[in-house]
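A.B. asks: Got a structure for you, questions after.
Protein chains: 2
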Amino acid sequence: MKFEAVTIKDIAKALGLSTSTVSRALRDSYEISPETKKLVLEYAEKINYHPNPIALSLKERRSRSIGVIVCEIANSYFSQIINGIESIAYNNGYNVIISQSRESADREMLNLQYLTSRSVDGLIISVSTETKDFSYLKELHDRGMPIVFFDRIVDEIETHKVIVDNYKGAYDATTHLINSGYKRIATVSNAPALSIAKERLAGYKAALTEHGMEVDESLIKYCAHGGMILTEVEEAIKELLKPKNKPDAIFASADKLTTGCLRILRSKGYTVPGDFGLVGFSNTDLTELLDPPLSVIRQPAFEMGEVATNLLLQLIESKRPVTDFETKVLTTELLIRESTRKKIAKTKPVASLLKE
Amino acid sequence: MKFEAVTIKDIAKALGLSTSTVSRALRDSYEISPETKKLVLEYAEKINYHPNPIALSLKERRSRSIGVIVCEIANSYFSQIINGIESIAYNNGYNVIISQSRESADREMLNLQYLTSRSVDGLIISVSTETKDFSYLKELHDRGMPIVFFDRIVDEIETHKVIVDNYKGAYDATTHLINSGYKRIATVSNAPALSIAKERLAGYKAALTEHGMEVDESLIKYCAHGGMILTEVEEAIKELLKPKNKPDAIFASADKLTTGCLRILRSKGYTVPGDFGLVGFSNTDLTELLDPPLSVIRQPAFEMGEVATNLLLQLIESKRPVTDFETKVLTTELLIRESTRKKIAKTKPVASLLKE
DNA sequence: ATCGTTACCGGGAACGATTGCGTAAAAAAA
DNA sequence: TTTTTTTACGCAATCGTTCCCGGTAACGAT
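If you read the protein sequences in the order shown, they are chains G and C. Reminder that position 282 of the first sequence reads as 363 in our numbering, one-by-one numbering, no gaps. Reminder that position 277 of the second sequence reads as 358 in our numbering, one-by-one numbering, no gaps.
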């Protein structure tokens, strides 16, 4: 079934004009008489004419659409990012095509090919945990495709990037654990090759050393798929519990890792923050309703999406090749709740629950 | 900046052939000699030729893209649905354009216009709570636009629809509350005009009457935006707590309403399931980690997305106008956890936490 | 009377790909 | 050898739109 739309030809035929005249009348050209314009405009309105964007795309060699690749949509952080992207794109007449890599480099590549063959005007990407070979992306970029990275950025490719201050986020969280009285702080991290993993790890280590605590590599565990596969988190926790000198707190470095840790700890019968303190990056709005309410580092996800999109549009609409790229660094927010309160408060604070 | 792609003309020019020959060679037409084919194919491969989908769209009058309208992406239920939609669409060479109504009829209308002007081949929609006037949608459908509704369907428009057995879901949940010993069961529902709200309310009422309990209209509260605005939920709860004969359990009829109720109850210092039993529709995978773990009615969201997309593609690719429409009804699943356990068990069950 | 302006409008070539039709040359049949 | 058939390719129209060229009036100035 097809959906037949009105074209400029229909108007031309009905009004006994040429298509060029109609086109010009619609674009309010100076060489069309006011009467003709009025005629065309009114008729176009009457039969509900809308220019065919596909024909325009062909003519102007641009599709007015941007591609977005994230690892998964069903993740608060990314869906908030997408929200931000969408709001800006929409306001500028662009549409957004979303695809998911599901942390697979293959799927990411496929999506990339798909999106470019669909001739998107630009791309906003957070690479998968698995991606090691950026040559395809690099080639794309070299051939002129505007790209903006966010979250998991690629150092090898020079373009606009949007991140948060991961170092500081991790530093603050770890410091908070230290100040709360935790002595042996472990971390469950993302795939070590990832930019965010490195930065967060660096912040974690810095906080430890600056407070006179030594960095114990056996307390650093990695989950290759960033918590998307729960058994990886389980494995990490199992490892952490092995030695006699168990940690007394965990800093989790990604959304799914944070809730994953809680899930595993609880399933093993441990209590938080009794047996372990827990803090992590997370953007779920349910963290305060969890048992226990989780202390989290929250990223300004919506804003990140907005910023990334503005940068991309700037790139797309620039007449000359852009060579001056910037990396926007937004700040995280540490929300302190029960999960890092070493001495369990019997009376739960409820006043702040209504916020958001 | 533009991203210059290789065209069929480039190949033709380089090989001293006509564009038609190249086109036919690429499509493996019988009237092209094997040598020429080989030549073209190899050269196309070499310079990384990809047919321009926009030119194809213009020629074939189809864009191979489908539009999706949901109220918000950052909602587990909808992002799971989108996941399902995307997986099927992708496998069939379609791309998905997503937009959000944010429960506003105006935004929904705008999105609709935008998507159709972008000439999508079909639409998958869950209408907003606010939408009362379906004439635009109806007109679109009458003019031949393939549409599939899911979740919040529109009775006035005859087309494929995908829902769950809302009646049974609500009935089961309410019955579960009754069997757990709750005596005065309230419900917090969606906008009353919504199909899902009606069906769930009917299931709730049926369960009550069938178990010899009377339906008390003062125990039925509505939230016009389905929990998206928390103050509406707060207002509803406040109303429920007014009369002396307070309810002892709440059945919430949407994802955000369920977590919203928990949020409000906890912020007011009530305990669940001590002061109130709570069960509701929800697709978050965090419900078992909440305090208390929530009993929920879970919808097969991913599958719903798949089914809806298959139906839509069927509609799009049908040669003749389809007049025989079907409504697929999937089944919900009741997951029983702490929030409906009238007598608080001291030892929390942890074995099932690892599932999913 | 001739020329230059100005005001309006149409023809037709793009954009990239497909496809019906026409046709030259080569191969097969007469 | 002539006719017919097959093979293999090119021409041109098409999709909807824009825009570069024109073209033709009407009118004033010379």
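Virtual Cβ for every residue (Gly too), placed ideally from N, Cα, C.
Start and end of the beta strand (DSSP E) containing residue 243 (chain G)?
C.D. replies: Translated into positions along the first sequence, residue 243 (chain G) becomes position 162. First-last of the beta strand (DSSP E) with residue 243 (chain G): 241-245.
A.B. asks: Take residue 131 (chain G) and list the residues in its own chain whose beta-carbon comes closer than 8 Å to its own, dropping the five residues that flank it on each side.
C.D. replies: As a working mapping, residue 131 (chain G) is identified with position 50 in the first sequence. Only 86, 87 meet the Cβ criterion.
A.B. asks: Going along chain G, which residues have a C-beta under 7 Å from residue 136 (chain C)?
C.D. replies: Taking the first residue of the second sequence as position 1, residue 136 (chain C) is located at position 55. Within chain G, the residues near residue 136 (chain C) are 139.
A.B. asks: Report yes if the CB atom of residue 184 (chain G) is closer than 8 Å to the CB atom of residue 292 (chain G), and no otherwise.
C.D. replies: Position 103 of the first sequence, counted from the first residue, corresponds to residue 184 (chain G). Position 211 of the first sequence, counted from the first residue, corresponds to residue 292 (chain G). No, they are not a contact pair.
A.B. asks: I need the boundaries of the beta strand (DSSP E) containing residue 332 (chain G), first residue and last residue.
C.D. replies: What you label residue 332 (chain G) is simply residue 251 of the first sequence in a count that begins at 1. Counting along the chain, the beta strand (DSSP E) containing residue 332 (chain G) begins and ends at 330-333.
A.B. asks: Please list, in chain order, the chain C residues whose beta carbon lies closer than 8 Å to that of residue 365 (chain G).
C.D. replies: Translated into positions along the first sequence, residue 365 (chain G) becomes position 284. By Cβ distance, chain C contributes 367.
A.B. asks: According to the Cβ coordinates, are residue 378 (chain C) and residue 330 (chain C) closer than 8 Å?
C.D. replies: Counting from 1 along the second sequence, the entry for residue 378 (chain C) is found at position 297. Counting from 1 along the second sequence, the entry for residue 330 (chain C) is found at position 249. For residue 378 (chain C) and residue 330 (chain C), no; Cβs fall outside 8 Å.
A.B. asks: Using the rule of at least 16 other Cβ atoms within 10 Å of the residue's Cβ for burial, across every protein chain shown, is residue 308 (chain G) buried or exposed?
C.D. replies: Within the first sequence, the letter at position 227 stands for residue 308 (chain G). Buried is the call here.
A.B. asks: Give me the Cα-Cα distance between residue 250 (chain C) and residue 269 (chain C), rounded to the nearest whole angstrom.
C.D. replies: Residue numbering aside, residue 250 (chain C) sits at position 169 when the second sequence is read from its first letter. Residue numbering aside, residue 269 (chain C) sits at position 188 when the second sequence is read from its first letter. Answer to the nearest angstrom: the Cα atoms are 15 Å apart.
A.B. asks: Please report the residue range of the beta strand (DSSP E) in which residue 188 (chain G) lies.
C.D. replies: In the first sequence, residue 188 (chain G) corresponds to position 107, counting from 1. Not the beta strand (DSSP E): residue 188 (chain G) falls in the alpha helix (DSSP H), residues 186-198.
A.B. asks: With distances taken Cα to Cα, identify the nearest neighbour of residue 422 (chain G) among G:321, G:347, G:257, G:391.
C.D. replies: Residue 422 (chain G) sits at position 341 when you count from the first residue of the first sequence. The option with the nearest alpha carbon to residue 422 (chain G) is G:257.
A.B. asks: Work out the CA separation of residue 310 (chain C) and residue 211 (chain C) for me, nearest whole Å.
C.D. replies: By one-based count along the second sequence, residue 211 (chain C) stands at place 130. By one-based count along the second sequence, residue 310 (chain C) stands at place 229. Each residue's alpha carbon lies about 13 Å from the other.
A.B. asks: For residue 289 (chain C), which residues of its own chain have a beta-carbon under 6 Å away from its beta-carbon, when the five flanking residues on both sides are left out?
C.D. replies: One-based indexing of the second sequence puts residue 289 (chain C) at position 208. Correct list, in chain order: 296.
A.B. asks: In terms of DSSP beta bridges, what is residue 176 (chain C) paired with?
C.D. replies: Stepping through the second sequence from its first residue, residue 176 (chain C) is reached at position 95. Residue 176 (chain C) is bridged to C:146.
A.B. asks: Do residue 420 (chain C) and residue 441 (chain G) count as a contact pair if the criterion is CB distance below 8 Å?
C.D. replies: Given that chain G is displayed from residue 82 to residue 437, the structure contains no residue 441 (chain G) and the question cannot be resolved.
A.B. asks: For residue 361 (chain G) and residue 188 (chain C), I'd like the C-alpha separation in whole angstroms.
C.D. replies: Counting from 1 along the first sequence, the entry for residue 361 (chain G) is found at position 280. Counting from 1 along the second sequence, the entry for residue 188 (chain C) is found at position 107. Cα to Cα, the separation comes out at about 35 Å.
A.B. asks: Would the segment 406-419 of chain G and the segment 379-388 of chain G be scored as touching if the rule is three or more Cβ pairs under 8 Å?
C.D. replies: Cβ pair count under 8 Å is three or more, so yes.
A.B. asks: Reducing DSSP to helix, strand and coil, say where residue 181 (chain C) ends up.
C.D. replies: Stepping through the second sequence from its first residue, residue 181 (chain C) is reached at position 100. Here residue 181 (chain C) sits in strand by DSSP.
A.B. asks: Considering only residues of the same chain and omitting the five flanking positions on each side of residue 284 (chain G), which have a CB-CB separation below 6 Å?
C.D. replies: For the purposes of this step, residue 284 (chain G) is taken as the residue at position 203 of the first sequence. Only 248, 251, 252 meet the Cβ criterion.
A.B. asks: Are any of the Cβ atoms in chain C nearer than 8 Å to that of residue 108 (chain G)?
C.D. replies: Position 27 of the first sequence, counting from 1, holds the residue named residue 108 (chain G). Output row for residue 108 (chain G): interface = no.
A.B. asks: Considering only DSSP beta bridges, list what residue 409 (chain C) is partnered with.
C.D. replies: Here residue 409 (chain C) refers to the residue found at position 328 when the second sequence is read from its first residue. Its beta-bridge partners are C:243.
A.B. asks: Rounded to the nearest angstrom, what separates residue 340 (chain G) and residue 216 (chain G) at their Cα positions?
C.D. replies: By one-based count along the first sequence, residue 340 (chain G) stands at place 259. By one-based count along the first sequence, residue 216 (chain G) stands at place 135. Each residue's Cα considered, the two are about 34 Å apart.
A.B. asks: Going by beta carbon distance, what residues of the same chain come within less than 8 Å of residue 259 (chain C), once the five residues before and after it are set aside?
C.D. replies: Along the second sequence, one-based indexing puts residue 259 (chain C) at 178. 266, 288, 289, 292, 294.
A.B. asks: Taking only three categories from DSSP, how would you classify residue 431 (chain C)?
C.D. replies: Position 350 of the second sequence, counted from the start, is the residue given in the question as residue 431 (chain C). Caution is warranted here: a pLDDT of 45 is assigned to residue 431 (chain C), below 50, making its placement in the model unreliable, and no coordinate value can be reported.
A.B. asks: Residue 406 (chain G) and residue 222 (chain G): beta carbons closer than 8 Å?
C.D. replies: Your numbering for residue 406 (chain G) matches position 325 in the first sequence. Your numbering for residue 222 (chain G) matches position 141 in the first sequence. The answer is no: Cβ separation not under 8 Å.
A.B. asks: Given a cut-off of 8 Å on the beta-carbon distance, is the pair residue 203 (chain G) and residue 226 (chain G) in contact?
C.D. replies: Sequence index remark: in the first sequence, residue 203 (chain G) carries index 122 (1-based). Sequence index remark: in the first sequence, residue 226 (chain G) carries index 145 (1-based). Yes.
A.B. asks: Run through chain G and tell me which residues come within less than 8 Å of residue 93 (chain C), C-beta to C-beta.
C.D. replies: As a first step, residue 93 (chain C) must be located in the second sequence, where it is residue number 12. Result: empty, since nearest Cβ-Cβ is about 18 Å, beyond 8 Å.
A.B. asks: Whole angstroms are fine: how far does the CA of residue 304 (chain G) sit from the CA of residue 326 (chain G)?
C.D. replies: Position 245 of the first sequence, counted from the first residue, corresponds to residue 326 (chain G). Position 223 of the first sequence, counted from the first residue, corresponds to residue 304 (chain G). Roughly 22 Å separates the two Cα atoms.
A.B. asks: Listed in chain order, which residues of the segment 202-218 of chain G have Cβ atoms closer than 9 Å to some Cβ of chain C?
C.D. replies: For the segment 202-218 of chain G, which is checked against every Cβ of chain C, the residues closer than 9 Å are 202, 203.
A.B. asks: Once DSSP output is grouped into helix, strand and coil, what is the label at residue 362 (chain C)?
C.D. replies: Here residue 362 (chain C) refers to the residue found at position 281 of the second sequence. Strand.
A.B. asks: Going along chain G in order, which residues have a C-beta closer than 7 Å to the C-beta of residue 155 (chain C)?
C.D. replies: By 1-based counting over the second sequence, the position of residue 155 (chain C) is 74. 157, 160, 161, 164, listed in chain order.
A.B. asks: Apart from the five residues on each side of it in sequence, which residues of its chain come closer than 6 Å, Cβ to Cβ, to residue 176 (chain G)?
C.D. replies: Within the first sequence, residue 176 (chain G) is the residue found at index 95, counting from 1. Here the set comprises 146.
A.B. asks: Based on Cα-Cα distance, which residue from G:173, G:136, G:127, G:180 lies nearest to residue 151 (chain G)?
C.D. replies: To locate residue 151 (chain G), count along the first sequence from 1; it is residue 70. The option with the nearest alpha carbon to residue 151 (chain G) is G:180.
A.B. asks: My parser needs the beta strand (DSSP E) runs of 3 or more residues fully inside the segment 205-249 of chain C; what are they?
C.D. replies: Entirely contained in the segment 205-249 of chain C, the beta strand (DSSP E) runs reaching 3 residues are, in chain order, 228-231, 241-245.
A.B. asks: Along the chain, where does the alpha helix (DSSP H) that runs through residue 398 (chain C) open and close?
C.D. replies: For the purposes of this step, residue 398 (chain C) is identified with residue 317 of the second sequence, where counting begins at 1. Segment 382-398, the alpha helix (DSSP H) holding residue 398 (chain C).
A.B. asks: So which residues on chain G does residue 370 (chain C) lean against when the C-beta distance must stay under 8 Å?
C.D. replies: Residue numbering aside, residue 370 (chain C) sits at position 289 when the second sequence is read from its first letter. Residues of chain G passing the Cβ test: 340, 343, 344, 347, 371, 372.
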